[in-house]
């Protein structure tokens, strides 16, 4: 049994990520350097990011009641819930939710 399919047996999407949404651009012209999502058992649908602009941002998944349009697993929508501007003396290289 092969772990990886032969080239002639693969579909065009094997091994590729499918982008279903994007986080709002909150790190100005700097790239996010670290992103983490809250564990599913937390039940609050938040994502945290740290970037080269020395900021930490928290995003919350929008629900139907909040946005009117809602969110689904096929097309999640997020909005910025909190921003810690100049949260660090330099780039924020690592962010992580507490388990």
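Residue numbers (the numbering used here): 74 to 172.
C-beta: ideal position from N, C-alpha, C; glycine also.
State buried or exposed for residue i, treating a residue as buried only when at least 16 other CB atoms are found within 10 Å of its CB.
i: residue 110; result: exposed
i: residue 128; result: buried
i: residue 122; result: buried
i: residue 165; result: buried
i: residue 105; result: buried
i: residue 169; result: exposed
i: residue 91; result: exposed
Out of the options, which one is the CA nearest neighbour of residue i?
i: residue 98; options: 161, 124 and 90; result: 124
i: residue 153; options: 165, 95, 91 and 90; result: 95
i: residue 171; options: 112, 89 and 135; result: 112
i: residue 158; options: 130, 117 and 136; result: 130
Could you have a look at residue i and say whether DSSP puts it in helix, strand or coil?
i: residue 111; result: coil
i: residue 106; result: strand
i: residue 132; result: strand
i: residue 99; result: coil
i: residue 148; result: strand
Considering only the beta carbon of each residue, do residue i and residue j sit closer than 8 Å?
i: residue 107; j: residue 126; result: no
i: residue 119; j: residue 132; result: yes
i: residue 93; j: residue 160; result: no
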